[in-house]
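> Under UniProt numbering, the very last position in the sequence shown is 61; numbers go up by exactly one each time.
Here you go, one structure.
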Amino acid sequence: YYSQGGIDTLSELTDIPVEKLDKQEITRCNLVLQKHLDNLIKYYSEEGVEKLEKEPAKKKE
C-alpha cells in the first residue's frame, strides 16, 4: 500500500510522471532513497560525535 502523497512526492523527486510509476518502480526508488537516508544518518551521527568530542562545551548566555 502506497499513499497518494508518497507517490506524488516520489514523482516530483524522480521526475517520473505519476502515471508511469508502477509498484516495482516505487519499490525500487524507495529502496534507493532508504539506503541514501541510512548513509546520511550514519555519516552525520559519526561526524556529530566526532565534533562533540573535539569542541569544548559552550555556555548559554
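Every residue gets a Cβ at the ideal spot worked out from N, C-alpha and C, and that includes glycine.
1) Tell me which residue opens and which closes the alpha helix (DSSP H) that residue 20 is part of.
2) Starting from residue 12 and walking both ways along the alpha helix (DSSP H), at which residues does that stretch end?
3) Less than 8 Å separating the beta-carbons of residue 14 and residue 29?
4) Please state whether the Cβ-Cβ distance between residue 26 and residue 18 is less than 8 Å.
In this structure, then:
1) Where residue 20 is concerned, there is no enclosing alpha helix (DSSP H), given that its DSSP letter is neither H nor E.
2) 4-14
3) yes
4) no
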